[in-house]
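Read in order, the letters of the sequence shown are residues 4 to 449 in the working numbering.
Each residue gets a CB set at the ideal place from its N, CA and C atoms; glycine is no exception.
These figures come from a predicted structure and were not determined experimentally.
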Amino acid sequence: MSAIEHEALAPEPVAHEAHEGPGIHSANFRFPNGFLWGGATSSHQVEGHNTNSDWWAWEQSGRVAEPSGAAADHYNRFRHDFDLAQQLGHTAQRFSLEWSRIETSEGVWSREGLEHYSQVIDALRERGMEPVVTVFHYTLPQWLADKGGLEHPEFERYFERFTARVAAEYGTRVRWWITFNEPVVQAFKGWILGQWPPGKMNDFAAALRVMRTMLRSHVKAYHALHAARPDAMVSVAKHALALSPCNPKSRLDRLSVRVREYLFNNLFLDALHTGALRVPGLFWERLPQAQTLDYIGLNYYTRDFVKNTGFSLPGLLGNLCTLEHHGSIGKRNELGWEIYPEGMAHFLKSYRRYGKPILITENGLPTNRDDDRWTFLFLHLWQVARAIDEGVPIVGYLHWSLLDNYEWADGFKARFGLIGVDYATQERTVRDSARKLADVILRNEL
Ligand code: FCB
Numbered sequence: 004m005s006a007i008e009h010e011a012l013a014p015e016p017v018a019h020e021a022h023e024g025p026g027i028h029s030a031n032f033r034f035p036n037g038f039l040w041g042g043a044t045s046s047h048q049v050e051g052h053n054t055n056s057d058w059w060a061w062e063q064s065g066r067v068a069e070p071s072g073a074a075a076d077h078y079n080r081f082r083h084d085f086d087l088a089q090q091l092g093h094t095a096q097r098f099s100l101e102w103s104r105i106e107t108s109e110g111v112w113s114r115e116g117l118e119h120y121s122q123v124i125d126a127l128r129e130r131g132m133e134p135v136v137t138v139f140h141y142t143l144p145q146w147l148a149d150k151g152g153l154e155h156p157e158f159e160r161y162f163e164r165f166t167a168r169v170a171a172e173y174g175t176r177v178r179w180w181i182t183f184n185e186p187v188v189q190a191f192k193g194w195i196l197g198q199w200p201p202g203k204m205n206d207f208a209a210a211l212r213v214m215r216t217m218l219r220s221h222v223k224a225y226h227a228l229h230a231a232r233p234d235a236m237v238s239v240a241k242h243a244l245a246l247s248p249c250n251p252k253s254r255l256d257r258l259s260v261r262v263r264e265y266l267f268n269n270l271f272l273d274a275l276h277t278g279a280l281r282v283p284g285l286f287w288e289r290l291p292q293a294q295t296l297d298y299i300g301l302n303y304y305t306r307d308f309v310k311n312t313g314f315s316l317p318g319l320l321g322n323l324c325t326l327e328h329h330g331s332i333g334k335r336n337e338l339g340w341e342i343y344p345e346g347m348a349h350f351l352k353s354y355r356r357y358g359k360p361i362l363i364t365e366n367g368l369p370t371n372r373d374d375d376r377w378t379f380l381f382l383h384l385w386q387v388a389r390a391i392d393e394g395v396p397i398v399g400y401l402h403w404s405l406l407d408n409y410e411w412a413d414g415f416k417a418r419f420g421l422i423g424v425d426y427a428t429q430e431r432t433v434r435d436s437a438r439k440l441a442d443v444i445l446r447n448e449l
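Put into structure tokens, the structure is as follows:
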């Protein structure tokens, strides 16, 4: 029952008594039993020395703030990191498989690579944490990148084969799977903005082809995962970006918001849900199958303001406005992203339409002020709790990130960790925000 309904239905005397009785002091938001609480990471951002991937090569070519190097050395320190997570009461942990460590060259499967993630999964299970495994978090093995990567006509087959292999290895111990992390972000950064590999700019046709490839690959991977584990829970981690018009009075800005809203936030999930890829006015195609989401994985961080720049596709997408002339925008984080907790509620309610459980697979703040992290966490959890209260079926919250890590083109300056990392010594420090979150987890209420 929602808070509003509750108020409307409560008879006056009960409300009055509640003020005097003890109940009012414990009127906190409760999270559902079995709620998954934990952190998230990705292989390339924490492991260190992932030398066999396209991202490593990209870093060496000097197109980013700094190279990833040893990162947080999580490849060697994962047990210690999971000890800390366990002490913080975490009941789940999201991590990704590094394809370039597992299939080191085409069709060559590394026992060491496979064994590593087997140990990671066991280490989580031994500590009572549910593994949530991402098959692909942006990084490609170099051999596949050399062939054209996501643009290779056989990518779907390679991805399906890789997924089938890891499903066979880990399926009995892993129920929660994510095929692709933020597919639309990857297409946008890699083929339109040119900031990430393969560094193409304004190649809208290729970006669309890549999204189509990821959709089709997901459908195939969905089957591979369910073949290995019939009760598998399979989804993608969908980045949802709250959007507002730069000038709310401008019809064109509002139109650009709608275009972005559809292309960024809805197209991918809609396609997997309905089984049809639709780009209105441009493209329509059936996928091999509909209904290949067992839950919705939601990554939520921020809001953008959009300014229309014309009627071509780039014009309709518009530009991001600098925000400077927006008196009403909230605080911004150290990467310049606005802190906008209302967006979390918006997407939880909006994605409810798929009729599936929702797992928050990422949410977090880059900051050197840990107080701000806790405020951010509290404000976002508040939105989560209210959505639960309104009946949205949310099954867990995984914070980005468990550890400070390598933030892609931005390098190491962005501190996202519940646990801080001193990169000179690899020493870990549990932050206060992590302890405050631990208290919420322990009580399972806010
Ligand atoms: C998300 C990515 C993740 C991390 C966070 C800050 O978009 O999935 O790898 O970089 O942002």
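Comparing alpha-carbon positions, which option in D425, F314, G174 and D57 lies nearest A231? G174
Pop quiz: V188 and H242 are said to be a contact at Cβ under 8 Å. What is the actual Cβ separation, rounded to whole angstroms? 5 Å
Count the other C-beta atoms from every protein chain shown that fall within 10 angstroms of the C-beta of R306, then say buried if there are 16 or more, exposed otherwise. buried
Can you tell me which of T378, G65, D392 and S220 puts its alpha carbon nearest to the alpha carbon of Q198? G65
Going along the chain, which residues of its own chain have a beta-carbon closer than 6 Å to the beta-carbon of R82, five neighbours each way excluded? A126
In angstroms with no decimal places, state the Cα-to-Cα distance between Q386 and T94. 21 Å
Answer yes or no: the CB of N302 versus the heavy atoms of the ligand FCB, is any distance below 7 Å? yes
Identity of the residues DSSP links to T432 by a beta bridge: G423
So who's on the other strand from I444, going by DSSP bridges? Looking at the DSSP assignment, I444 forms no beta bridge with any residue, so it has no partner.
Can you tell me whether M204 is buried or exposed? The criterion is at least 16 other CB atoms within 10 Å of its CB, across all chains shown. exposed
R215 and L285 closer than 8 Å at C-beta: no
Beta-carbon separation of L406 and T44 under 8 Å? yes
Alpha carbon to alpha carbon, how far is W40 from S108? 36 Å
To which residues does DSSP link L246 through a beta bridge? D307
N- and C-terminal bounds of the beta strand (DSSP E) containing E109: Here E109 belongs to no beta strand (DSSP E), and DSSP marks it neither H nor E.
Residues sharing a beta bridge with P144, DSSP: S56
From the DSSP output, read off the bridge partner residues of P283. In the DSSP output, where bridge partners are listed per residue, P283 has none listed.
So is P317 buried or exposed if we call it buried at 16+ other beta carbons inside 10 Å? exposed
Does DSSP classify H28 as helix, strand or coil? The predicted model places H28 with a pLDDT of 49, which falls under 50 and marks its position as unreliable; any figure quoted below should be read in that light. H28: helix per DSSP, three-state reduction.
Count the other CB atoms within 10 Å of the CB of S404; is the residue buried (16 or more) or exposed (fewer)? buried
Find out if the Cβ-Cβ distance for the pair S259, L320 is shorter than 8 Å. yes
Please list the terminal residues of the continuous alpha helix (DSSP H) segment that includes E129. R114 to E129
Ends of the alpha helix (DSSP H) at L218? F207 to A231
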